[in-house]
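Peer 1:
In the working numbering, the protein residues as written are 144 to 576.
1) Taking only three categories from DSSP, how would you classify residue 400?
2) Would you tell me roughly how many angstroms separate the C-alpha atoms of residue 164 and residue 337, rounded to the nearest one?
3) Please confirm whether residue 529 and residue 554 have their CB atoms less than 8 Å apart.
4) Could you tell me which of 270, 276 and 228 sits nearest to residue 256, measuring between CA atoms?
5) Got a sec, what are the start and stop residues for the alpha helix (DSSP H) residue 358 sits in?
6) In angstroms with no decimal places, state the Cα-to-Cα distance between residue 497 and residue 417.
7) Whole-angstrom Cβ separation of residue 359 and residue 372, contact assumed at under 8 Å?
8) Skipping 5 residues on each side, what residues in its chain have a beta carbon closer than 6 Å to that of residue 485?
9) Do you know how far the Cα of residue 414 is from the Cα of residue 453?
10) How big is the Cα-Cα spacing for residue 442 and residue 468?
11) Which term fits residue 387, buried or exposed, when burial requires 16 or more other beta carbons within 10 angstroms of its beta carbon?
12) Reducing DSSP to helix, strand and coil, say where residue 146 ends up.
13) Taking just the CA atoms, how far does residue 518 sit from residue 511?
14) Where residue 552 and residue 425 are concerned, what is the direct C-alpha to C-alpha distance, given to the nearest angstrom?
15) When we look at the beta-carbon of residue 527 and count the other beta-carbons within 10 Å, is it buried (16 or more) or exposed?
16) Could you pull out every residue in the same chain whose Cβ sits closer than 8 Å to the Cβ of residue 277, ignoring the five residues on either side in sequence?
17) When you compare the CB positions of residue 210 and residue 224, do they come within less than 8 Å of one another, or not?
18) If you draw a straight line from the C-alpha of residue 354 to the C-alpha of residue 393, how long is it?
19) Looking at the unbroken beta strand (DSSP E) that takes in residue 512, where does it start and where does it end?
20) Alpha carbon to alpha carbon, how far is residue 562 from residue 520? Give it in angstroms, no decimals.
21) Only counting the same chain, and skipping five residues up and downstream in sequence, which positions put a Cβ closer than 8 Å to that of residue 370?
22) Give me the Cβ distance between residue 288 and residue 383, rounded to the nearest whole Å; I'm assuming they're in contact under 8 Å.
23) Per DSSP, what kind of secondary structure is residue 243 in: helix, strand or coil?
24) Would you mind sorting residue 283 into buried or exposed? The rule is 16 or more other CB atoms within 10 Å of its CB.
25) Count the other CB atoms within 10 Å of the CB of residue 429; is the residue buried (16 or more) or exposed (fewer)?
26) Which of helix, strand or coil does DSSP assign to residue 88?
27) Anyone know if the C-beta pair for residue 501 and residue 532 falls short of 8 Å?
28) Taking all protein chains shown into account, decide if residue 291 is buried (16 or more other Cβ within 10 angstroms of its Cβ) or exposed.
29) Is it right to say residue 271 is buried, meaning 16 or more other beta carbons lie within 10 angstroms of its own, or is it exposed?
30) Using 8 Å for Cβ pairs, my map puts residue 161 next to residue 204. What's the rounded Cβ distance?
31) Looking at the secondary structure, which residues open and close the beta strand (DSSP E) in which residue 281 lies?
32) For residue 268, which residues in the same chain have their Cβ closer than 8 Å to its Cβ, ignoring the five residues on either side in sequence?
33) Apply the 10 Å Cβ neighbour rule to residue 534 and answer buried if 16 or more other Cβ atoms are within range, or exposed otherwise.
34) In this structure, what does DSSP give as the bridge partners for residue 230?
35) Label residue 216 either buried or exposed according to how many other C-beta atoms from any shown protein chain fall within 10 Å of its C-beta, with 16 as the threshold for buried.
36) Should residue 398 go down as buried or exposed, given a rule of 16 or more other Cβ atoms within 10 Å for buried?
So this is what it looks like as structure tokens:
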């Protein structure tokens with residue numbers, strides 16, 4: 144069962160505070176009461192904790208105005224309104240708060256509906272609620288919570304044991320006021336005088352729907368152009384609770400808008416989600432960095448492969464990593480193919496340890512004679528000693544080496560080798576037989 148706690152605050156700290164708990168689904172009163180003054184609001188803290196709280200404030204503190212502002216821009220309209228009303232207001236516009244209703248227009252061609260309140264009064268109301276740890280989502284002038292009957296007034300009297308009775312009057316969808324007993328009596332006298340002097344009484348008759356006994360109005364249903372309709376008497380806050388939903392207006396907007404606080408469970412969930420998101424981000428960042436590193440290493444290796452290929456085959460042009468394998472196969476075929484034991488690749492595998500032992504000697508070109516099973520290589524080193532060491536390493540690998548001419552080119556020495564495999568013992572025995 145959805146229950147709502149309604150609170151009507153006063154203008155000053157010593158004013159009485161009315162409260163009522165109302166079931167929205169059952170449309171019935173659960174509990175109600177009065178507080179002597181605002182300092183007792185703490186008695187409602189527990190009642191407010193598990194319920195939606197809606198607050199009513201005196202209409203005497205809120206000025207309702209209907210305007211026709213020549214602009215369609217909401218931003219421009221709200222900037223212009225304070226200065227359009229400046230001459231009608233008793234205070235500087237900087238000291239006032241302007242709250243706007245979400246109403247586009249009415250039958251009188253008004254396009255702006257504004258409520259004007261002292262900024263200090265708004266702050267005072269919010270301070271009282273905050274001190275009592277009461278969180279209200281909605282704050283409305285009491286006049287807008289009254290029943291609205293087109294062309295008629297809705298009126299109720301609020302009894303106060305300390306101050307004199309207050310009268311709440313709603314005249315229009317966006318028009319009404321709250322005033323004390325003396326002001327009510329004076330206003331009635333002015334209305335009665337005007338009605339008595341007006342020749343067209345039928346047009347100016349006033350119909351009042353009274354939801355309580357009203358002071359200074361007789362029991363007769365009609366007198367001197369004033370028609371009184373007695374409605375079913377009801378507690379003021381119960382009446383407000385039944386009709387306030389028809390007005391979506393909320394004073395708590397702009398600088399006074401309530402910021403929603405998340406529950407602890409939601410905060411814990413958000414923390415967990417945040418940690419998970421951070422972990423995911425770190426993981427993605429790590430893998431992205433690793434991928435970049437691997438891509439960089441791959442590019443470096445591909446460059447080394449291409450450089451080595453160009454060194455082995457200096458006449459090669461347009462070398463691409465994707466075609467090196469097929470190009471190598473063609474080169475091998477051009478070199479004479481390969482055999483099980485003395486082919487080109489087998490020869491390279493035998494020569495490679497010698498290059499590893501003498502890293503100072505670098506190959507410049509390789510050529511394999513398939514018919515003679517001979518590898519011819521051109522190499523370069525810093526001195527002649529490296530060539531001798533390389534030859535010794537080849538001999539140690541059971542290879543037959545013929546060293547060609549060596550030339551000194553400045554600080555470098557170039558030379559050539561012809562390398563063949565020595566016949567195996569099995570082959571030698573066949574030859575002798």
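All residues carry an ideal CB built from backbone N, CA and C; glycine is no exception.
Peer 2: Inspection of the coordinates gives the following:
1) coil
2) 42 Å
3) no
4) 228
5) Element bounds for residue 358: n/a, residue is neither H nor E.
6) 60 Å
7) About 17 Å separates the two Cβ atoms, so there is no contact after all.
8) The predicted model places residue 485 with a pLDDT of 49, which falls under 50 and marks its position as unreliable; any figure quoted below should be read in that light. Contacts found: 516 and 564.
9) 58 Å
10) 17 Å
11) buried
12) strand
13) 4 Å
14) 56 Å
15) exposed
16) 150, 184, 187, 188, 191 and 196
17) yes
18) 24 Å
19) 505-512
20) 8 Å
21) 348, 349, 350, 351 and 364
22) 4 Å
23) strand
24) buried
25) exposed
26) Examination of residue 88 is not possible in this model, given that the chain is present from 144 through 576 alone.
27) yes
28) buried
29) buried
30) No, residue 161 and residue 204 are not in contact; Cβ-Cβ is about 16 Å, not under 8 Å.
31) 281-284
32) 152, 198, 200 and 282
33) buried
34) DSSP lists no partner for residue 230.
35) exposed
36) exposed
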